[in-house]
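**Q** So the sequence shown is residues 843 to 1125, counted in our numbering. Could you have a look at this structure, given as structure tokens, before my questions?
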Amino acid sequence: MVAEVIYGDQLAASLREEMKEEVTKLKASGISPKLVVVLIGDDPASKSYVSGKQKAADFIGIDSELISLPSTTEEKSLLELIERLNNDQSVHGILVQLPLPKQINEQAIIEAIDPSKDVDGFHPISIGRMLTQQETFLPCTPYGIVTMLQSKNIDIAGKHAVIVGRSNIVGKPVGQLLLNEHATVSYCHSRTKDLSAITKQADILIVAVGREKMIDASFIKPGAVVIDVGVNRTNEGTLTGDVDFESAKAVSSYITPVPKGVGPMTITMLMKNTIQAAKAHNK
Ligand code: GUN
843 MVAEVIYGDQ
853 LAASLREEMK
863 EEVTKLKASG
873 ISPKLVVVLI
883 GDDPASKSYV
893 SGKQKAADFI
903 GIDSELISLP
913 STTEEKSLLE
923 LIERLNNDQS
933 VHGILVQLPL
943 PKQINEQAII
953 EAIDPSKDVD
963 GFHPISIGRM
973 LTQQETFLPC
983 TPYGIVTMLQ
993 SKNIDIAGKH
1003 AVIVGRSNIV
1013 GKPVGQLLLN
1023 EHATVSYCHS
1033 RTKDLSAITK
1043 QADILIVAVG
1053 REKMIDASFI
1063 KPGAVVIDVG
1073 VNRTNEGTLT
1083 GDVDFESAKA
1093 VSSYITPVPK
1103 GVGPMTITML
1113 MKNTIQAAKA
1123 HNK
């Protein structure tokens, strides 16, 4: 079997077109969605993610403001900034790019954001609502992954989804979203014994670890769907995933590439959440 490749960049482009039309209509009715992105320090990867978010917002017609602060910024001044943005009625979404410098408690910052503006879906209230299947902002990468599966009409209900990686941003929430869609979910991580014995049971295998080519065909059940969330920079400076694409493609039914896979979908779902925030604000 040779897998069909799920190109996230193509799906993202068509969703962004739809959102552009929606934002045009919202603006005509007096609602102008606005996202504020806060970037602390000058980490190249964070800068690149943030610029991707700005570009997507510009294309769709979402107002986006970038607030760049030095890496020496104290937690107190960041908390004050968030308080100001929480109270600013023109701002619908607030995103503080992670990771943050050591002197700032990341969790304190996440919890300071008004849940009604938490377009990242990282606030404990957003997470609790996701867990209990109430309306909320879904975390962007997991939301993008489920959207990619649905775009190919891949059945989730009753399937065994195996997640490799247990980060708060991707691994844990993507398992929860797939559980909400009635999958049977297993989580694997660095202490998992005999990883391949478990990944080989997966109908849907999601890999979000951050280790280049850690998963090849020997970890994959023939016909499985493979979603690669890894973004690793090779010694040659190119981007590569956690999955050995060519090896995995030969045995799976669907596979996502890196780049042009999950990454563009993450940004797209952030835009979707920002539009959702703007609509809810004006209800
Ligand atoms: N850093 C890496 N990914 C993300 C993300 O999705 N949101 C934020 N705020 N920071 C990140």
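Quick reminder that beta carbons are idealized off the backbone N, C-alpha and C, glycines included. Bear in mind the structure is a predicted one, so any value in this text is a computation, not a measurement.
Have a look at the DSSP bridge pairing and note the partners of G1126.
**A** No answer is possible for residue 1126: the residues shown for the chain start at 843 and end at 1125.
**Q** State yes or no: is the C-beta of D1084 within less than 8 Å of the C-beta of M1056?
**A** Yes; because the gap between Cβ atoms is below 8 Å, this pair is in contact.
**Q** Would you say Q1118 touches the ligand NAD, meaning its beta carbon is less than 7 Å from a heavy atom?
**A** As presented, the structure is devoid of the ligand NAD, carrying the ligand GUN as its sole ligands.
**Q** Using only the alpha-carbon positions, how far apart do E925 and P1015 sit?
**A** Rounded to the nearest angstrom, the two C-alpha atoms are 27 Å apart.
**Q** Pick from K1121, K1125, N1124 and T1116: whose alpha carbon is nearest that of D960?
**A** The option with the nearest alpha carbon to D960 is T1116.
**Q** Taking the DSSP output, what are the residues bridged to H1024?
**A** Per DSSP, none; premise fails for H1024.
**Q** Comparing the CB of E939 with every heavy atom of the ligand GUN, is any distance shorter than 7 Å?
**A** One point to set straight first is that residue 939 is Gln, not Glu, in the sequence displayed. It does: the Cβ of Q939 is within 7 Å (strictly closer) of some heavy atom of the ligand GUN.
**Q** Can you tell me where the beta strand (DSSP E) holding D900 begins and where it ends?
**A** Looking at the DSSP string, D900 is not in any beta strand (DSSP E); the run it does join, the alpha helix (DSSP H), is P886 to I902.
**Q** Between the alpha carbons of K897 and M1113, how many angstroms are there, rounded?
**A** Approximately 11 Å, taken between the alpha carbons.
**Q** Nearer than 7 Å: is that true of the beta carbon of Y1029 relative to any heavy atom of the ligand GUN?
**A** Y1029: no, Cβ never under 7 Å from the ligand GUN.
**Q** Rounding to the nearest angstrom, what Cα-Cα distance links E859 and A1003 in this structure?
**A** Rounded to the nearest angstrom, the two C-alpha atoms are 31 Å apart.
**Q** Is the stretch 1083-1100 touching the stretch 1063-1071 in the sense that three or more CB pairs, one from each, lie closer than 8 Å?
**A** The stretch 1063-1071, when compared against the stretch 1083-1100, does touch it at the 8 Å Cβ threshold.
**Q** Counting pairs of Cβ atoms below 8 Å between the stretch 1031-1039 and the stretch 987-994, do you hit three or more?
**A** No, they do not touch.
**Q** Quick one, which of K862, I969, N929 and S958 has its alpha-carbon nearest K1125's?
**A** Taking only the C-alpha atoms, the option nearest K1125 is S958.
**Q** Roughly how many whole angstroms lie between the Cα atoms of L1047 and I1005?
**A** So the two alpha carbons sit approximately 6 Å from each other.
**Q** Based on the DSSP output, what are the partners of R1075 in its beta bridges?
**A** Per DSSP, L1081.
**Q** Count the CB pairs spanning the stretch 1037-1044 and the stretch 993-1000 that are closer than 8 Å, and state whether there are at least three.
**A** The stretch 1037-1044 is not in contact with the stretch 993-1000.
**Q** Does A855 get closer than 8 Å to chain B when you measure Cβ to Cβ?
**A** Although the question refers to chain B, the structure presented lacks it and comprises just one protein chain.
**Q** Looking at I882 and S913, is the spacing between their C-beta atoms short of 8 Å?
**A** Yes, these two residues count as a Cβ contact at 8 Å.
**Q** Counting C-beta neighbours from all protein chains within 10 Å, is the total for Q939 16 or more, i.e. buried, or is it exposed?
**A** Buried, by the Cβ-count rule.
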